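Engineer: Going down the list, the sequences are from chains A and B.
Counting in my numbering, the first sequence runs from 97 upward without gaps.
Counting in my numbering, the second sequence runs from 21 upward without gaps.
Backbone N, C-alpha and C define an ideal beta-carbon position, used for all residues, glycine too.
All values reported here derive from a predicted model rather than from experimental measurement.
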Amino acid sequence: MNVLKMTDIKKSFGGNEVLKGISFHVDKGEVVSIIGTSGGGKSTLLRCATLLETIDDGTISYMGEDVTYYDQNGKLCYAKDLNHFKKFFGLVFQNFNLFPHFSVLKNVMDAPVTVQGRDKAEVKEECMKLLNKMGLGDKADAYPFELSGGQQQRVSIVRALAMKPDILFFDEPTSALDPELTGEVLKVIKALADEKMTMVIVTHEMAFAKAVSDRVVFIDGGIIAEEGAPEEVFGNTKNERTKQFLQSYND
Amino acid sequence: MSLITIILKMCEGLGKTCAIFFLTLLFSLPLGMVISLLRMSKNKIISKITQFAVSVLRGTPLMLQLLAVTYGPYYLFGVSVSRNKLIPVVIAFAINYAAYFSEIYRGGIESISVGQYEAATILGYSKAQTFIRIILPQVVRRILPSVTNEIVTLVKDTSIAFTVSYQEMFTIGKQIANSQTSFTPFLVAGVFYYIFNALVGFVMGIVEKSMSYYKQ
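1. CB-CB under 6 Å to Y186/B, same chain, minus the five flanking residues each way: which ones, in chain order?
2. Quick one: what's I315/A bridged to in DSSP?
3. Would I142/B pass as an interface residue toward chain A - the criterion being a Cβ-Cβ separation below 7 Å?
4. From this set, V220/B, T150/B, L143/B, which residue's C-alpha is nearest M259/A's C-alpha?
5. What are the partner residues of N98/A, as DSSP defines its beta bridges?
6. Within 10 Å of its beta-carbon, does F109/A have 16 or more other beta-carbons around it, so buried, or fewer, so exposed?
7. Thinking C-alpha only, which one of T294/A, Q248/A, N179/A, N112/A is nearest S199/A?
8. So what does DSSP say about Y239/A, is it helix, strand or coil?
9. Anything in chain B within Cβ reach of Y239/A, meaning under 8 Å, just list it in chain order.
10. From the DSSP secondary-structure annotation, give me the bridge partner or partners of G186/A.
11. Candidates L34/B, I115/B, I154/B, Y117/B: which alpha carbon is nearest V134/B's?
12. Quick check on Q195/B - is its C-beta less than 7 Å from some C-beta in chain A?
13. Name the DSSP beta bridge partners of Y166/A, please?
14. Hey, V254/A and V204/A: beta-carbon distance below 7 Å or not?
15. Which residues in the same chain as V219/A place their Cβ atom closer than 6 Å to its Cβ, once the five residues preceding and following it in sequence are excluded?
16. Reducing DSSP to helix, strand and coil, say where F341/A ends up.
17. Counting only beta-carbon separations shorter than 7 Å, does L100/A have a partner in chain B?
18. Taking DSSP as the reference, what is the three-state secondary structure of T80/B?
19. Return the CA-CA distance between R126/B and L201/A, expressed in angstroms with no decimal places.
20. Flag Q158/B as yes if its beta-carbon sits less than 7 Å from any beta-carbon of chain A, otherwise no.
21. So with Cβ pairs under 7 Å, would you call A139/B a contact of chain A?
22. In the DSSP assignment, what residue or residues form a beta bridge with N66/A?
23. With D153/A as the anchor, note down where its beta strand (DSSP E) starts and where it stops.
24. With a threshold of 16 other CB atoms inside 10 Å of the CB of Y214/B, please say whether the residue is buried or exposed.
25. Show which residues of chain A have a CB atom less than 8 Å away from the CB atom of R153/B.
26. L297/A lies in the beta strand (DSSP E); which residues open and close that run?
27. According to a CB-to-CB cut-off of less than 7 Å, which residues of the segment 124 to 139 of chain B neighbour chain A?
28. Compare the C-alpha of Y117/B against each of L46/B, V184/B, I107/B, E32/B and name the closest.
29. Would V188/A and P269/A be called neighbours here (beta carbons separated by less than 7 Å)?
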């Protein structure tokens, strides 16, 4: 079953059409990397999928349930209860966006307890397990400003996982990190991939995308220019535009 | 009149000075938040009306506003002037200070990055939960120095109540100064305000410190 299905997504900002009809789906347990030039629309696609932006045209569904629909006048509408759909996904931001006034443990525990209304003791145990797994067990009482960028990003991954999403999105998770810190974050994502976590990763780390993904999507100029297994896309693409793009990374 | 007598007489008004001070804070701090939210309303008409009201409240003297609130009802509707002057004094002060606080709040709220809202939205926090749990605590921390500034000014502004002859400390001092042709009551008043504000500074320092366990 498709965890996420997007069809013919269009999105403009002002007069500038950023997404020009993208169809995109993710299956359960699949890891999909989205690559492409800056301004090509990959972050916008992610923001539309996570409902941070509203689409102009197209359809979105999670777990077979429609987020958007057309009314009898043919006007695009969003479902009333968007919180129902927010349960399905999590998002890891480029800039972490941790809550600075909460300790690490409170950052990861607060939403499951206050939003999902789960038992505090149970959530705490789960969160401590996750933090330990990410090598952050000793940082539970620290505040975000006391952590390195890599540690902050790992906390934000735990924060997303604590909500038990069906699919996890990453928006350039290592772009704000010093090169020596990207490794520790990529390792964590790799470990999640090995556990068959369903993930969509917008990234500039080509070697990582190649190693971790089941499918690679190359977005260029608001459309999907190429899509396929990493060996095809990175190995011997026939697509001129992809060749050019990858060439610029090898330079 | 000896210095001791002057001080004792003026002390009689300190209770009323404190009443203006605390009641003004009690009403203006929350009222400022209401005005601030109206000012940031997506409804352009509400936002513009609020903006205009704030500009009037900030752009005209507090003394004038106090006179208007105290004597306006009499001139406009023939309602007799309230015998307890504390009511019009607190109304005028609370509205005036709320206008200033509202702009401080707005500055604080708008300084919080969009990312904080987005992270909260993704995690499923409602708008109210996001504001109370995520945004407000960070705003309070950021605006505290500006709020302290206003509170210090308020301590000194309580003296403006003399214009409607409310018997607070400064009004009494002014009356003694007139009857005794002496400058001493003003010096005493100066010392009183300074001590009052030293206390305010001390308390706000503690509050600020209690919130500095994290960095933004």
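Structural biologist: So, from the listed chains and residues:
1. Position 166 of the second sequence, counted from the first residue, corresponds to residue 186/B. Excluding the 5 residues flanking it on each side, Y186/B has same chain C-beta neighbours closer than 6 Å at K105, V109, in chain order.
2. The residue you call residue 315/A lines up with position 219 of the first sequence. For I315/A, which the question treats as bridged, DSSP gives the partners G132/A, I320/A.
3. Taking the first residue of the second sequence as 1, we reach residue 142/B at position 122. With 7 Å as the cut-off, I142/B counts as an interface residue toward chain A.
4. As a working note, residue 259/A is residue 163 in the first sequence. Of V220/B, T150/B, L143/B, the smallest CA-CA separation from M259/A is found for L143/B.
5. The count along the first sequence starts at 1 and reaches residue 98/A at position 2. Per DSSP, D123/A.
6. If you number the first sequence from 1, residue 109/A lands on position 13. It counts as exposed.
7. For this step, residue 199/A is matched to residue 103 along the first sequence. Considering only alpha carbons, the answer is Q248/A.
8. The count along the first sequence starts at 1 and reaches residue 239/A at position 143. Three-state DSSP puts Y239/A in coil, outside helix and strand.
9. Within the first sequence, the letter at position 143 stands for residue 239/A. The contacting residues are Y233, Y234, K235.
10. The residue labelled residue 186/A in the question sits at position 90 within the first sequence. BP columns for G186/A point to L264/A.
11. In the second sequence, residue 134/B corresponds to position 114, counting from 1. The closest CA to that of V134/B, considering only L34/B, I115/B, I154/B, Y117/B, is found on I154/B.
12. Position 175 of the second sequence, counted from the start, is the residue given in the question as residue 195/B. Not one chain A Cβ lies under 7 Å of Q195/B.
13. For this step, residue 166/A is matched to residue 70 along the first sequence. Partner(s): L172/A.
14. Translated into the one-based positions of the first sequence, residue 254/A becomes position 158. Translated into the one-based positions of the first sequence, residue 204/A becomes position 108. For V254/A and V204/A, yes; Cβs fall inside 7 Å.
15. If you number the first sequence from 1, residue 219/A lands on position 123. The residues are M205, P208, V209.
16. Against the first sequence, residue 341/A aligns to sequence position 245. Helix at F341/A.
17. By 1-based counting over the first sequence, the position of residue 100/A is 4. No, no contact with chain B.
18. The count along the second sequence starts at 1 and reaches residue 80/B at position 60. Assigned with DSSP and collapsed to three states, T80/B falls in coil, not helix or strand.
19. By 1-based counting over the second sequence, the position of residue 126/B is 106. By 1-based counting over the first sequence, the position of residue 201/A is 105. Cα atoms of R126/B and L201/A: separation of roughly 30 Å, rounded to the nearest angstrom.
20. As a position in the second sequence, residue 158/B is number 138, starting the count at 1. For Q158/B, the answer is yes, since a Cβ of chain A falls inside 7 Å of its Cβ.
21. To locate residue 139/B, count along the second sequence from 1; it is residue 119. Proximity of A139/B to chain A, defined by a Cβ-Cβ separation below 7 Å, is satisfied.
22. The structure shown has nothing for residue 66/A, since chain A only spans 97 to 347.
23. As a first step, residue 153/A must be located in the first sequence, where it is residue number 57. Run containing D153/A: 153 to 158, per the beta strand (DSSP E) assignment.
24. Numbered from 1 along the second sequence, position 194 holds the residue referred to as residue 214/B. Counting Cβ neighbours within 10 Å, Y214/B comes out exposed, since fewer than 16 surround it.
25. Here residue 153/B refers to the residue found at position 133 of the second sequence. In chain order: D206, T210.
26. Residue numbering aside, residue 297/A sits at position 201 when the first sequence is read from its first letter. Correcting the residue type first, residue 297/A is Ile in the shown sequence and not Leu. Run containing I297/A: 295 to 298, per the beta strand (DSSP E) assignment.
27. So the close ones are G135, Q136, E138, A139.
28. Along the second sequence, one-based indexing puts residue 117/B at 97. Comparing Cα-Cα distances from Y117/B to each of L46/B, V184/B, I107/B, E32/B, the minimum goes to L46/B.
29. Within the first sequence, the letter at position 92 stands for residue 188/A. Within the first sequence, the letter at position 173 stands for residue 269/A. Contact: yes.
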